Amino acid sequence: MNLRAKKNFQYNILFIILYFVFLLSFPFLRSYFNVNNIKVVAPESALVAARTSTNLVSGIFHNIVGYFSERKDLLNEISYLERELQEEKNKNVLAEVRDSNETKIVAKKIFSDFTNIYQAILLDKGRIDDVQEGAVVFLYPNKAIGIVDSVSNKSSLVFLFSKDKNLVEGVVNTKNSKENLKSAFAGNESAENLNLNSTTSTLNSTTSTLSVTTSGQTLTFPNEINIDLSTPVSSSGGLLIEFIGYGSGDFVAKIPENINISTGTIVYLARDENKALGEIIKIEKQEASFHQILFVRGYYNTRENGDYYIENN
Amino acid sequence: MKMVKNKFWRIILNIIIVAVLFFCIFYDLSLSNINFPFLTTIFFGVFIIYRFLKPYLR
């Protein structure tokens, strides 16, 4: 390397160092330069004007930075609208609370388990705010998502219904649930004779591998989830089905194949039938078996940033 | 050796380059909604690549 090349190389290194110094100090310099600028959410008209700017140079620059600036403005606007929406929801729920004697507590999510996001969340209301263990946590207006497991003074741990292998009882209201029951349990003369603790209603199959009983014969599920094959029993006109949390926000249930349920049906929580548990998104009928598998999508959204409502029993 | 042989025009060229650099820096600083000096980066990139590649351009 001759002297001139060496000098050039040194200059290049110097320029790169200077550039990185500038790069690292840029945020501070920028805030110093823009100390008097007040950031406001740009209205839609301004964005359109920026987009359709006729000045070529400024147009190019706006196109380069426009993506970032518009994105930021739109994100601001989204968060603003979400806030507004949340306030509306709160108003509605609080009005309901005033009308009824029920106690609903508004809470915010502090933390969710990142390793298993559909398992547990931590809410910021606790014993001081009168949260009790076993209270149902729901989203506006009636989407039940979990149950308070333990309460400390200022926080409460909520186990989601969709927790892996968690059992939750749901009710499906079908139009002809009684007829369904009748066809499902051919051994029984009338569906009215069925009750929750009935052990006599059995669906006897010719194959020895499967028999549906209320006493709960545990069968091995394909994905090594043990499903206690539950018998649907009428509960205020609906079918009572035991769902199992699938660990991904979904629930599954195994029911006899004779019961007609269509996708899109809303599943309600058995302990409080005003609260929806999820929506049936898929029904899987397996060949040469006497059951069908329901897949239910729960309402918990990991990006849900709004308020959670806790209803004490 | 030098691209611009005349010393006067070389000085003028250097002044223009520095002026453009300052323009880039202050334009970047004047934008309130970016966190990264795009224009300066482009300028430095072009400048340094040019300096690195200059021996091979001839």
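Order-wise, the sequence lines are chains P and C.
Quick note, the working numbering runs 24 ahead of the 1-based positions in the first sequence.
Quick note, the working numbering runs 374 ahead of the 1-based positions in the second sequence.
The beta carbon of each residue, even a glycine, is placed where N, CA and C say it ideally should be.
Note that the structure is predicted; figures quoted are calculated from it, not measured.
Kindly give me the distance between the Cβ atoms of ILE40/P and ILE386/C, rounded to whole angstroms, as I take these residues to be in contact under 8 Å. Walking along the first sequence from the start, residue 40/P turns up at place 16. Walking along the second sequence from the start, residue 386/C turns up at place 12. About 26 Å separates the two Cβ atoms, so there is no contact after all.
Taking 8 Å as the limit between beta carbons, can you name the residues of its chain near GLN310/P, skipping five residues before and five after? Along the first sequence, one-based indexing puts residue 310/P at 286. Shown here for GLN310/P: same chain residues with a beta carbon closer than 8 Å to its own, the five before and five after excluded, namely GLN316 and ILE317 in chain order.
Reference GLY158/P, options VAL182/P, PHE135/P and ASP148/P, closest by Cα: In the first sequence, counting from the first residue as 1, residue 158/P sits at position 134. Among VAL182/P, PHE135/P and ASP148/P, the Cα nearest to that of GLY158/P belongs to VAL182/P.
Where are the beta strand (DSSP E) runs, 3 residues long or more, that stay fully inside the region 284–318 of chain P, in chain order? The region 284–318 of chain P contains these whole beta strand (DSSP E) runs: 290–293 and 300–309.
Please list the segments of the beta strand (DSSP E) lying wholly inside the region 93–144 of chain P, counting only runs of 3 or more residues, in order along the chain. 128–136
Check whether the Cβ atoms of GLY150/P and ASN177/P lie closer than 7 Å to each other. Along the first sequence, one-based indexing puts residue 150/P at 126. Along the first sequence, one-based indexing puts residue 177/P at 153. Contact flag set, yes.
Would you identify the three-state DSSP class for GLY170/P, choosing helix, strand or coil? Against the first sequence, residue 170/P aligns to sequence position 146. Correct three-state label for GLY170/P: strand.
Could you work out which residues of chain C lie near PHE52/P, taking near to mean beta carbons separated by less than 9 Å? To locate residue 52/P, count along the first sequence from 1; it is residue 28. Result: empty, since nearest Cβ-Cβ is about 10 Å, beyond 9 Å.
Contacting residues, own chain, Cβ-Cβ under 6 Å from GLY322/P (five flanking each side not counted): Taking the first sequence and counting its residues from 1, the one referred to as residue 322/P is at position 298. Taken in chain order, the residues that qualify are SER186, GLY273 and GLY302.
Please return the same chain residues whose Cβ sits closer than 6 Å to the Cβ of THR414/C, not counting the five positions on each side in sequence. Mapped onto the second sequence, residue 414/C falls at position 40. Cβ neighbours of THR414/C beyond the five flanking positions: CYS398, ILE399 and ASP402.
Is the Cβ-Cβ distance between ILE334/P and VAL155/P less than 7 Å? In the first sequence, counting from the first residue as 1, residue 334/P sits at position 310. In the first sequence, counting from the first residue as 1, residue 155/P sits at position 131. The answer is yes: Cβ separation under 7 Å.
Nearest to SER136/P by CA position, among VAL130/P, LEU147/P, LYS128/P and ILE129/P, is which residue? For the purposes of this step, residue 136/P is taken as residue 112 along the first sequence, with counting starting at 1. The option with the nearest alpha carbon to SER136/P is LEU147/P.
Between GLN34/P, SER93/P and ILE102/P, which lies nearest to ILE408/C when the distance is taken from Cα to Cα? Start at 1 with the first residue of the second sequence, and residue 408/C comes out as number 34. ILE408/C has its Cα closest to that of SER93/P, out of GLN34/P, SER93/P and ILE102/P.
Out of GLU308/P, ASN166/P and VAL161/P, which has the shortest C-alpha to C-alpha gap to VAL172/P? Counting from one through the first sequence, the residue named residue 172/P turns up at place 148. Nearest to VAL172/P by C-alpha distance, out of GLU308/P, ASN166/P and VAL161/P, is VAL161/P.
Step through the CB atoms of chain C and report whether any lies within less than 7 Å of the CB of PHE162/P. For this step, residue 162/P is matched to residue 138 along the first sequence. PHE162/P does not count as touching chain C.
At what residues does the beta strand (DSSP E) containing ASP274/P begin and finish? The residue labelled residue 274/P in the question sits at position 250 within the first sequence. Under the DSSP assignment, ASP274/P falls in the beta strand (DSSP E) whose first and last residues are 274–280.
How should GLY194/P be labelled, buried or exposed, when 16 other C-beta atoms within 10 angstroms of its C-beta is the threshold for buried? Residue 194/P sits at position 170 when you count from the first residue of the first sequence. Its Cβ being crowded by 16 or more others within 10 Å, GLY194/P is buried.
Is it buried or exposed for LYS338/P, if we count other Cβ within 10 angstroms and need 16 for buried? There is no way to answer for residue 338/P, as the model of chain P reaches only from 25 to 337.
Applying the 10 Å Cβ sphere with the 16-neighbour rule, what's the burial state of ILE416/C? As a working note, residue 416/C is residue 42 in the second sequence. Sixteen is the threshold: since fewer than 16 other Cβ atoms of the shown chains lie within 10 Å of the Cβ of ILE416/C, the residue is exposed.
Whole angstroms are fine: how far does the CA of GLU281/P sit from the CA of ILE265/P? Sequence index remark: in the first sequence, residue 265/P carries index 241 (1-based). Sequence index remark: in the first sequence, residue 281/P carries index 257 (1-based). Going by the C-alpha atoms only, they are around 13 Å apart.
Taking the alpha carbon of PHE396/C as the reference point, which residue from TRP383/C, PHE418/C and TYR430/C has its own alpha carbon closest? Sequence index remark: in the second sequence, residue 396/C carries index 22 (1-based). Nearest option by C-alpha distance: PHE418/C.
ASN36/P at chain C interface by Cβ criterion, 7 Å: Position 12 of the first sequence holds residue 36/P. At least one chain C Cβ lies under 7 Å of ASN36/P.
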